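A.B. asks: Going down the list, the sequences are from chains A and B. The first sequence lines up with residues 32 to 617 when you count with the working numbering. The second sequence lines up with residues 21 to 204 when you count with the working numbering. We put the beta carbon where it would ideally sit given N, CA and C, even for glycine. Quick caveat, the model's predicted, so the values are computed rather than measured.
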Amino acid sequence: MAEKMTGAEIVIQALKDQGVEHIFGYPGGAVLPIYDAIFQQDKLEHILVRHEQGATHMAEGYARSTGKVGVVLVTSGPGATNAVTGLTDALLDSIPMVCLTGQVPTPLIGSDAFQECDTVGITRNCTKHNYLVKQVDELAQTIHEAFYIAASGRPGPVVIDIPKDVQFALGTYFKPTSQTDHQSYRPQTEGDLGAINEAVELMLNAQRPVFYTGGGVINAGPKASELLRELVELTGFPVTSTLMGLGAFPASDEKWLGMLGMHGTYEANLAMHDCDLMINIGARFDDRITGRIDAFSPNSTKVHVDIDPSSINKNVICDLPIIGDCEHVLEEMVRIWRTKTNAPRTDEIKPWLTKIADWKSVDCLRYEPSTDVIKPQFAIERLAEAVKDRDVYITTEVGQHQMWAAQYFPFEKPNRFMTSGGLGTMGYGLPAAVGVQVAHRDALVIDIAGEASVQMTMQEFSTAVQFRLPIKVFILNNEYMGMVRQWQELLHGSRYSQSYSQSIPDFVKLAEAMGGRGIRVEDPEKLDAAIAEMLDYDGPVLFDCRVSKQENCLPMIPSGKAHNEMILPDTADIGNIIDEKGKSLV
Amino acid sequence: MNPHLRASGSAYFLTKDTSEIERHTLSVLVDNEPGILARIAGLFSARGFNIDSLTVSETEHEKGLSRITVVTVASPKVLSQIKLQLERLIPVHKVHDLTAEGKALERELALVKVAGAGENRVETLRLAEAFRAQVVDASTESFVFEITGKPSKIEQFISLMVPLGLVEVVRTGLVAISRGPEGM
Ligand SMILES: Cc1cc2nc3c(=O)[nH]c(=O)nc-3n(C[C@H](O)[C@H](O)[C@H](O)COP(=O)(O)OP(=O)(O)OC[C@H]3O[C@@H](n4cnc5c(N)ncnc54)[C@H](O)[C@@H]3O)c2cc1C
Ligand SMILES: Cc1ncc(C[n+]2csc(CCOP(=O)(O)OP(=O)(O)O)c2C)c(N)n1
Ligand SMILES: [Mg+2]
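1. Just list the residues that DSSP pairs Gly169 (chain B) with in beta bridges.
2. Using the three-state DSSP reduction, which class does Ile191 (chain A) fall into: helix, strand or coil?
3. Starting from Glu399 (chain A) and walking both ways along the alpha helix (DSSP H), at which residues does that stretch end?
4. I want to check one thing, is the minimum distance from the CB of Ala463 (chain A) to the heavy atoms of ligand 4 below 7 Å?
5. Three or more beta-carbon pairs under 8 Å between the segment 568-582 of chain A and the segment 541-553 of chain A, yes or no?
6. Can you list the residues of chain A that Pro111 (chain B) reaches, using a CB-CB cut of under 7 Å?
7. I want to check one thing, is the minimum distance from the CB of Leu274 (chain A) to the heavy atoms of ligand 1 below 7 Å?
8. Does any residue of chain A have a CB that is nearer than 8 Å to the CB of Gln154 (chain B)?
9. Compare the C-beta of Asp117 (chain B) against all C-beta atoms of chain A and say whether one is closer than 8 Å.
10. In or out: Asn330 (chain A) buried (at least 16 other Cβ within 10 Å) or exposed?
11. Contact check, Leu500 (chain A) vs Val539 (chain A) under 8 Å by CB: the rounded distance?
12. Note down the Cα distance separating Ser283 (chain A) from Glu40 (chain B), rounded to an integer number of angstroms.
13. Consider the C-beta atom of Gly591 (chain A) and the heavy atoms of ligand 1; say whether any pair is separated by less than 7 Å.
14. If you run the structure through DSSP and keep just helix, strand and coil, what is Thr160 (chain B)?
15. Secondary structure at Leu109 (chain B), three-state DSSP: helix, strand or coil?
16. State buried or exposed for Asn509 (chain A), treating a residue as buried only when at least 16 other CB atoms are found within 10 Å of its CB.
17. Taking the straight line between their C-alpha atoms, what separation do you get for Ser3 (chain B) and Asp356 (chain A)?
18. Apart from the five residues on each side of it in sequence, which residues of its chain come closer than 8 Å, Cβ to Cβ, to Arg413 (chain A)?
19. With 8 Å as the threshold, decide whether the Cβ of Asp37 (chain B) is near any Cβ in chain A.
20. Can you name, in chain order, every residue of its own chain whose Cβ lies under 7 Å from the Cβ of Gly193 (chain B), other than the five neighbours on each side?
21. Within a Cβ cutoff of 7 Å, which residues of the same chain sit near Asp305 (chain A), ignoring the five residues on either side of it in sequence?
22. Could you have a look at His432 (chain A) and say whether DSSP puts it in helix, strand or coil?
23. Mapping DSSP to helix, strand and coil, what is Ile324 (chain A)?
24. List, in chain order, every chain A residue whose beta-carbon is nearer than 8 Å to that of Ala124 (chain B).
25. Can you determine whether any heavy atom of ligand 1 sits closer than 7 Å to the C-beta of Ala314 (chain A), and answer yes or no?
26. Would Val617 (chain A) be called buried (16 or more neighbouring beta carbons within 10 Å of its own) or exposed?
27. Residues of chain A with a CB under 7 Å from the CB of Ser100 (chain B): which are they?
28. Helix, strand or coil: how does DSSP classify Ser272 (chain A) here?
29. Could you check the C-alpha separation between Val189 (chain B) and Val132 (chain B) for me, to the nearest Å?
30. Quick one, are the C-beta atoms of Ala94 (chain A) and Ile174 (chain A) less than 8 Å apart?
31. Nearer than 7 Å: is that true of the beta carbon of Asn509 (chain A) relative to any heavy atom of ligand 3?
32. Using only the alpha-carbon positions, how far apart do Phe69 (chain B) and Asp575 (chain A) sit?
33. Which residues in the same chain as Ile502 (chain A) place their Cβ atom closer than 7 Å to its Cβ, once the five residues preceding and following it in sequence are excluded?
34. Indicate, with yes or no, if ligand 2 has a heavy atom lying under 7 Å from the CB of Thr456 (chain A).
35. By the three-class DSSP mapping on this structure, what secondary structure does Asn346 (chain A) have?
36. Going by C-alpha to C-alpha distance, which of A:Arg369, A:Met290 and A:Gly202 sits closest to Glu264 (chain A)?
Structure representation (structure tokens):
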């Protein structure tokens, strides 16, 4: 027998039945009934944020590090509009999220009522799907469906807009039921066996193969990463990954080429350029990867495994599409491979592996060491060394430090690297770290930050203090919006228009004012001790690491260039590299 | 030696799509729910797809389904994206490219108001009859015609009405259905 309860109670019950334990939110008039229902229970923990954007990034960090759906609760009007950046971020990076927004009472919708905004209109194009629930009896099923849509297929954010009168109204609660018979939404998870067989056949005959893996492997869950490792072991093929896929394959493995793309390694990009078989598993041929499409891996046969049919042939025409979930497809590939051979093809592809070894010997991530000033790359290397035996999760902001984190921090496991790849949202990392820490209370969670980005969502440090979440904010403070400065050096004659970080707060005092610990270090000799102090402190830390100010993030494939035309670290002056045509098109 | 030091006549990766542009009629079966039209139209505008014509109406009341007919102009690559992106929308059940699937039946309805007197009225009626346009309203100095047919027929009729006193026209936009026994 279905139970009667208020809309607000239905919300709480539905969340509980969906296995939700944490909600990131901020109250306001249009969600007060739901907050009242939260008050009267103690199963769901509500994390009170300082700004709704923070709640969305926390939910993203939470989701990415657990594989669960992140849940956000905000009020109407400004609450909903503040959530838009995080929703868009989650859409671009395929992060499962359910965001509940309050709405003015149904009779007032459209009247420009107090704190009214057209939430479903505003979020239509930045969500996987959204709903306005006008009948309380539809509320429970809508919430259950929202969770299913957010988490299945290609994951993404879903908004449920709930008018205040619906929260007060008495209605019927329905328990979750299987959603797989949904009328119009049926993601395809099983790849076509014929196509998978064909892919294995191509792999058995390839002379210069490379695996190009992406966020889809992470989305598919930890089993997919294990299967990827197994397949690489079986084949002996080299592997590279996008920013979003880091950790799916261990950085310590000799078959690992490092990240590819604009700031990827020389060996990864040249392997992509020269390969004869590219096996894309859960990556979407983003423009940071392909560079010039007409010069992208000109002589390869391309296999593309993706759960979203619209990713196929969107940017790059592929020869063999396989639509399905990475886990399933990898499992089949492993199985079929085993029926064909037991030996990896290491000997057959020896010339290719030798060529790759040559490229590796270029040592594209080398940098000029210094004894007077901390090099940002060095800071990350020391950080990685200090935490190598710990259970560690890394988030980042956006900029050079993000790329350095990707290049110099060795990721060994999936779900350990949370970063804003598609939207590139400065201010993502600190709240994301809070979200990760909520899910993993005993783990070490570090936001590798830039001094500019961190100021965008700095106030969430206070959330970390309130909930005793000992996040470490490792700021590579170069006193510049370094990534912007680098592009200005590259394209605009080093005219650093508005990219100097003026009036940076005293991060040490700021941390203390907010109730955490602040640590500053400038001397490379003292770096290790300072990092140890940060790790020893049992609470949130702002770590102000003063680094060299005009370091460039290299290697880099400049705009207008192909993969085999990248800038390596021995380039002193990057200002003359891009021709006029490239400049006008950045 | 850094490869970038070699001269390169490269362009940026904005390679122009040089393939032929085609006009296609798509039939989209959707849940008839609030905002569905905004979802479809929003997708087209957000991704820079063209809409030449769009019609929508409920077709299966008990199931709450509507049929949307969209006419678009795009290269084959973009056409495939349009179809796949439409299919990604949750309330979309099916998308058929009627043009690609064979010659579809395409019809449009227009109401055409013509005002005039004397010889012109006679000529107007004569032409209307030739085009099988029905008189649905008449006054001593005007007619409203209802005409259905292929868009080309309607266009021809309208252009003939211009010198005879065309006042205004409303058109429904195209509806289309596949030939033969199979449904969508
Ligand atoms: C300043 C800056 C610089 C950057 N530079 C680089 C760079 O040098 N290199 C780089 O790699 N990135 C870089 N990025 C990130 C880049 O913008 C993209 O976000 C990233 O490359 C996309 O990764 P992805 O292809 O793995 O796709 P994701 O965005 O992770 O998408 C995943 C793909 O897998 C599919 N998928 C999802 N779930 C599944 C599943 N279960 N099974 C199968 N398929 C699934 C999806 O449909 C999608 O097509 C940069 C970002 C910033 C902000
Ligand atoms: C919200 C937002 N605004 C603007 C940008 C453009 N942008 C990209 S990187 C960057 C500078 C980041 O500076 P900082 O955080 O100090 O990192 P650094 O590059 O110095 O490591 C800017 C402004 C962005 N990505 N996000
Ligand atoms: Mg900076």
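C.D. replies: Working from what's here:
1. Against the second sequence, residue 169 (chain B) aligns to sequence position 149. Looking at the DSSP assignment, Gly169 (chain B) forms a beta bridge with B:Glu128.
2. As a first step, residue 191 (chain A) is located in the first sequence; it is residue number 160 there, counting from the start. In this structure, Ile191 (chain A) counts as strand in the three-state DSSP scheme.
3. By one-based count along the first sequence, residue 399 (chain A) stands at place 368. No alpha helix (DSSP H) holds Glu399 (chain A); DSSP gives it neither H nor E.
4. This structure simply doesn't include ligand 4; it includes ligand 1, ligand 2 and ligand 3 instead.
5. yes
6. Taking the first residue of the second sequence as 1, we reach residue 111 (chain B) at position 91. The answer, in chain order, is Ser215.
7. Here residue 274 (chain A) corresponds to residue number 243 of the first sequence, with the count starting at 1. Because some heavy atom of ligand 1 lies under 7 Å away, the Cβ of Leu274 (chain A) counts as near it: yes.
8. On the second sequence, residue 154 (chain B) is found 134 positions in, with the first residue counted as 1. Answer no: the Cβ-Cβ gap between Gln154 (chain B) and chain A never drops below 8 Å.
9. Within the second sequence, the letter at position 97 stands for residue 117 (chain B). No - not a single Cβ of chain A is within 8 Å of the one on Asp117 (chain B).
10. As a first step, residue 330 (chain A) must be located in the first sequence, where it is residue number 299. Asn330 (chain A) comes out exposed.
11. Within the first sequence, residue 500 (chain A) is the residue found at index 469, counting from 1. Within the first sequence, residue 539 (chain A) is the residue found at index 508, counting from 1. Not a contact, Cβ separation roughly 20 Å.
12. Position 252 of the first sequence, counting from 1, holds the residue named residue 283 (chain A). Position 20 of the second sequence, counting from 1, holds the residue named residue 40 (chain B). The straight-line gap from Cα to Cα measures roughly 49 Å.
13. As a position in the first sequence, residue 591 (chain A) is number 560, starting the count at 1. No, Cβ of Gly591 (chain A) sits at least 7 Å from all heavy atoms of ligand 1.
14. In the second sequence, the residue the question calls residue 160 (chain B) occupies position 140. Looking at Thr160 (chain B) - three-state DSSP - the assignment turns out to be coil, as it is neither helix nor strand.
15. Along the second sequence, one-based indexing puts residue 109 (chain B) at 89. In this structure, Leu109 (chain B) counts as coil in the three-state DSSP scheme.
16. Indexing the first sequence from 1 puts residue 509 (chain A) at position 478. Asn509 (chain A) is buried by the Cβ-count criterion.
17. No answer is possible for residue 3 (chain B): it lies beyond the span of chain B, which begins at 21 and ends at 204.
18. The residue labelled residue 413 (chain A) in the question sits at position 382 within the first sequence. So the qualifying residues of the chain are Leu558, Asp559 and Ile562.
19. Counting from 1 along the second sequence, the entry for residue 37 (chain B) is found at position 17. It does not: the Cβ of Asp37 (chain B) has no partner Cβ on chain A nearer than 8 Å.
20. Residue 193 (chain B) sits at position 173 when you count from the first residue of the second sequence. Only Ser73, Leu74, Thr75 and Glu128 meet the Cβ criterion.
21. As a first step, residue 305 (chain A) is located in the first sequence; it is residue number 274 there, counting from the start. So the list reads Arg239, once near-sequence residues are dropped.
22. The residue given as residue 432 (chain A) occupies position 401 in the first sequence. The answer is helix: DSSP assigns His432 (chain A) an H, G or I state.
23. Walking along the first sequence from the start, residue 324 (chain A) turns up at place 293. Correct three-state label for Ile324 (chain A): helix.
24. Here the question's residue 124 (chain B) lines up with position 104 in the second sequence. Per Cβ cutoff of 8 Å: no residues; Ala124 (chain B) is ~22 Å from chain A at best.
25. Here residue 314 (chain A) refers to the residue found at position 283 when the first sequence is read from its first residue. Yes, the Cβ of Ala314 (chain A) comes within 7 Å of a heavy atom of ligand 1.
26. The count along the first sequence starts at 1 and reaches residue 617 (chain A) at position 586. Here Val617 (chain A) scores only 48 on pLDDT, less than 50, and its place in the model is too uncertain to base an answer on.
27. Residue mapping note: residue 100 (chain B) aligns to position 80 of the second sequence, counting from 1. Within chain A, the residues near Ser100 (chain B) are Asn344.
28. Within the first sequence, residue 272 (chain A) is the residue found at index 241, counting from 1. The answer is strand: DSSP assigns Ser272 (chain A) an E or B state.
29. Locating residue 189 (chain B) in the second sequence gives position 169, where the first residue counts as 1. Locating residue 132 (chain B) in the second sequence gives position 112, where the first residue counts as 1. Each residue's alpha carbon lies about 5 Å from the other.
30. Taking the first residue of the first sequence as 1, we reach residue 94 (chain A) at position 63. Taking the first residue of the first sequence as 1, we reach residue 174 (chain A) at position 143. Contact flag unset, no.
31. The residue labelled residue 509 (chain A) in the question sits at position 478 within the first sequence. Result yes, Cβ under 7 Å from ligand 3.
32. For the purposes of this step, residue 69 (chain B) is taken as residue 49 along the second sequence, with counting starting at 1. For the purposes of this step, residue 575 (chain A) is taken as residue 544 along the first sequence, with counting starting at 1. Spanning the two alpha carbons is a distance of roughly 47 Å.
33. Locating residue 502 (chain A) in the first sequence gives position 471, where the first residue counts as 1. Contacts found: Ala464, Val465, Gln468, Val476, Asp478, Ala495 and Pro571.
34. On the first sequence, position 425 is the one that residue 456 (chain A) refers to. Checking every heavy atom of ligand 2 against the Cβ of Thr456 (chain A), one is found closer than 7 Å.
35. The sequence position of residue 346 (chain A) within the first sequence is 315, counting from 1. Asn346 (chain A) falls in the coil class under three-state DSSP.
36. As a position in the first sequence, residue 264 (chain A) is number 233, starting the count at 1. Of A:Arg369, A:Met290 and A:Gly202, the residue nearest in Cα terms is A:Arg369.
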